[in-house]
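Participant: Each position in the sequence shown, counted from 1, maps to that position plus 510 in the numbering used here.
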Amino acid sequence: MNAPMHDQEQETLILDMLDRFLKVEVLPHVHHLEHDDIYPHEIVEKMKEMGLFGCMIDPEYGGLGLSTLTYAKIIERMSRVWMSISGIINSHVIMAMAVQRFGTDAQKEYFLPRFATGELRGGIGLTEPDCGTDLQAIRTVAKRDGDHYVVNGTKMWITNSQEGNIIALLVKTDTTAQPRHKGMSLLLAEKGPGFIVSKKLEKLGYKGIDTCALAFEDYKVPVDRLIGGVEGRGLQQVLGGLELGRINVAARGLGVAQAALDEALAYSQTRKTFGKPICEHQAIQLKLGEMATRTQASRLLTYAAAEAFDRGERVDMEAGMAKYFATEAAMENAHEAMRIFGGYGYSKEYNVERLYRDAPLLTIGEGTNELQRIIIAKQMIERNRV
Ligand SMILES: Cc1cc2nc3c(=O)[nH]c(=O)nc-3n(C[C@H](O)[C@H](O)[C@H](O)COP(=O)(O)OP(=O)(O)OC[C@H]3O[C@@H](n4cnc5c(N)ncnc54)[C@H](O)[C@@H]3O)c2cc1C
């Protein structure tokens, strides 16, 4: 993947602007939007104005052309304030990168400028009711009929599919192909007749943002919406985006881990028991020390994977390690923050219960953490054959 060179000056400008936005436009509204599960329309409009939907799209197509490292820092900062808003651009970026990397020239010229402004925005439609990890088992079928494909099937857990207007849809264009992935293709599916959002799913956390079940009933897609113009490359195109996807989930984990540490550090200095702030009790210090170390280790793994990706290296192991470690750090830090808050950690008035509900998703999405450890081990063996 051709990631642009890291530009420190550009990064400083963007992150300063983002910090102001998060502090003024997002932070004061998180509690209300999250607890009432309200879609953050105004925040999304500001994200469009800032160019965040085009953060990794080449400037020649109207994007900001940021490095993966800067992108990871953006996601980290967003997730430190509210993880859900990072999800609004995460899967959109993966869809955009599939077009930037594998699309035909005509697809790049048509879609990338519209993705960059957010005029067209959405995510990726891979998972089905019966399969997520084993994507080759999908059953959504696209049958060629003249200059269209006719799509029938169902998708599950598709983020940005209610509020967005397009998704990169993984389908079978040949149900008999062996190996199965040779019959899989990726279509740019804009909303239209037969593209049905069947249900917005109720979730433990990750609220505010739409994650839905979809049905496709004789839904027609013009053949020029087949990414790359050649059938049978869909799974390869999806897997090509996974390294970036895992870096961005790692960055979310880092942001949540940091947020839990921030909350715990502040609270432990104001809450007093037995005549002193609880941060002066050794049992609390042990927790804070572990939380801080986990957060910093997550940061180093995530940034290192992003930098290696920017250098064009193969990073399945590095991205897997970052994703696995940072998301487990988010889980552990959220839990520890809750304990440090005592009874108040269990209250809906404080942020830690939200972090505790948001963190588990990160261990599931973009390849479960069970799978990450298998990927890490396999790569390690391959790189160290004796
Ligand atoms: C809030 C939310 C948002 C999501 N957004 C999207 C989205 O936008 N687009 C999209 O396409 N999907 C999305 N997903 C789906 C997500 O990517 C899948 O849930 C995930 O890939 C796991 O698939 P599954 O749920 O089918 O679990 P399964 O694949 O059924 O796995 C079940 C368990 O078996 C384990 N397992 C499976 N295979 C193996 C193996 N070979 N070795 C060891 N263990 C294994 C898994 O680790 C897991 O513990 C979302 C999910 C959630 C919860």
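Where a beta carbon is used, it is the ideal one built from N, C-alpha and C, also for glycine.
Within the stretch 735-805, note down every full alpha helix (DSSP H) run reaching 4 residues or more, in order along the chain.
Facilitator: 744-780
Participant: What is the residue span of the alpha helix (DSSP H) that serine 596 lies within?
Facilitator: 593-612 is the span of the alpha helix (DSSP H), which, as asked, contains serine 596.
Participant: Could you pull the start and end residues of the alpha helix (DSSP H) that proline 870 belongs to?
Facilitator: 862-872
Participant: Would you call the stretch 724-741 and the stretch 556-564 in contact, with 3 or more CB pairs under 8 Å?
Facilitator: no
Participant: For aspartate 720, which residues does DSSP report across the bridge?
Facilitator: According to DSSP, residue pairing for aspartate 720 in a beta bridge does not occur.
Participant: Less than 7 Å separating the Cβ of glutamate 880 from some heavy atom of ligand 1?
Facilitator: yes
Participant: Can you tell which of Arg809, Thr669, Ile584 has its C-alpha closest to the C-alpha of glutamate 638?
Facilitator: Thr669
Participant: Give the DSSP-derived three-state secondary structure of valine 534 in the structure shown.
Facilitator: helix
Participant: Between valine 651 and alanine 606, what straight-line distance do the alpha-carbon atoms span, to the nearest angstrom?
Facilitator: 23 Å
Participant: Check the Cβ-Cβ distances between methionine 694 and every residue of chain B, and say whether any is below 8 Å.
Facilitator: Here chain B cannot be found, since the structure has a single protein chain.
Participant: Please determine whether the Cβ atom of tryptophan 667 lies at a distance below 7 Å from any heavy atom of ligand 1.
Facilitator: yes
Participant: Run through DSSP, which three-state label would leucine 680 get?
Facilitator: Secondary structure at leucine 680: strand, using DSSP grouped into helix, strand and coil.
Participant: Measuring from the CB of isoleucine 757, is there a heavy atom of ligand 1 at a distance below 7 Å?
Facilitator: no
Participant: When you compare each of Glu700, Arg587, Tyr659, Ser708 to aspartate 526 by their alpha carbons, which one comes out closest?
Facilitator: Per the Cα distances, Arg587.
Participant: Mind checking whether the beta-carbon of cysteine 641 lies closer than 7 Å to any heavy atom of ligand 1?
Facilitator: Indeed, a heavy atom of ligand 1 lies less than 7 Å from the Cβ.
Participant: Within 10 angstroms of its Cβ, does valine 534 collect 16 or more other Cβ (buried), or is it exposed?
Facilitator: exposed
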